[in-house]
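Trainee: Below is the structure I would like to discuss, written out as structure tokens.
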Amino acid sequence: MSGMLVQNMSFKSGQTLTLTGVPNADSTNFAINIGHSAEDVALHVNPRFDAHGDQRTIVCNSFQGGKWCEESRGASFPFNQNEEFQIKITFTNEEFLVTLRDGSQINFPNRQGAEKYKYIHFEGEGRILGIEIK
1 MSGMLVQNMS FKSGQTLTLT GVPNADSTNF AINIGHSAED VALHVNPRFD AHGDQRTIVC
61 NSFQGGKWCE ESRGASFPFN QNEEFQIKIT FTNEEFLVTL RDGSQINFPN RQGAEKYKYI
121 HFEGEGRILG IEIK
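Residue numbers (full-length UniProt numbering): 1 to 134.
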């Protein structure tokens, strides 16, 4: 698994994080984690081509107190292996809004209610081409 970690770069309520990347040709899944640390993840977005018993499914969750919370699943899966993707994530004190390339959206609660996060981690079988916060 490859990865990219961004720390101490403020991602504040009302801002949008745009992540552009390409999953590997044989990718089973990748994940984007946003939070305060690896042990305190407010949003975990995990597009799964074929992993953990899921096929072509996006799973969202949060990780707090050493355990995963309740999963939420997206209805759309606009990802293809070896094809560029873009994910936009905007958040408020109440929720994260994940917008995918096909225009579909996933609403996920901001369970921690924080106004800013400084930990952004991409992990999995792919590479990041760009990251932007506006």
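Every residue, glycine too, gets a C-beta built ideally from N, C-alpha and C. Remember, predicted model here, so these are calculated numbers, not experimental data.
1) Looking at the structure shown, is glutamine 105 part of a helix, part of a strand, or coil, going by DSSP?
2) Apart from the five residues just before and just after glycine 3, which ones in its own chain have a Cβ nearer than 8 angstroms to its Cβ?
3) Report yes or no: do three or more beta-carbon pairs, one from the region 77–85 and one from the region 11–18, lie closer than 8 angstroms?
4) Just tell me which of Glu95, Arg48 and Gly65 has its CA closest to the CA of phenylalanine 30.
5) Report buried or exposed for asparagine 110, applying the criterion of at least 16 other Cβ atoms within 10 angstroms of its Cβ.
6) Determine the DSSP secondary structure at arginine 73, reduced to helix, strand or coil.
7) Can you tell me which of the three DSSP states serine 10 falls into?
8) According to DSSP, proline 47 sits in a beta bridge with which residue or residues?
9) Indicate the three-state DSSP secondary structure (helix, strand or coil) for serine 37 in the structure shown.
10) Using the Cβ count rule (16 or more neighbours within 10 Å means buried), how would you classify histidine 44?
11) Between isoleucine 106 and isoleucine 32, which are expected to be in contact by the criterion C-beta below 8 angstroms, what is the C-beta distance as a whole number of angstroms?
12) When the Cα atoms are used, what is the spatial distance from valine 22 to threonine 28?
Mentor: This is what the structure gives:
1) strand
2) His121, Phe122, Glu123 and Gly124
3) no
4) Arg48
5) buried
6) Reduced to three states, the DSSP call for arginine 73 is strand.
7) Looking at serine 10 - three-state DSSP - the assignment turns out to be strand.
8) Ile58
9) strand
10) That one is buried.
11) Not confirmed; about 12 angstroms, so no contact.
12) In a straight line, the C-alpha of valine 22 is about 13 angstroms away from that of threonine 28.
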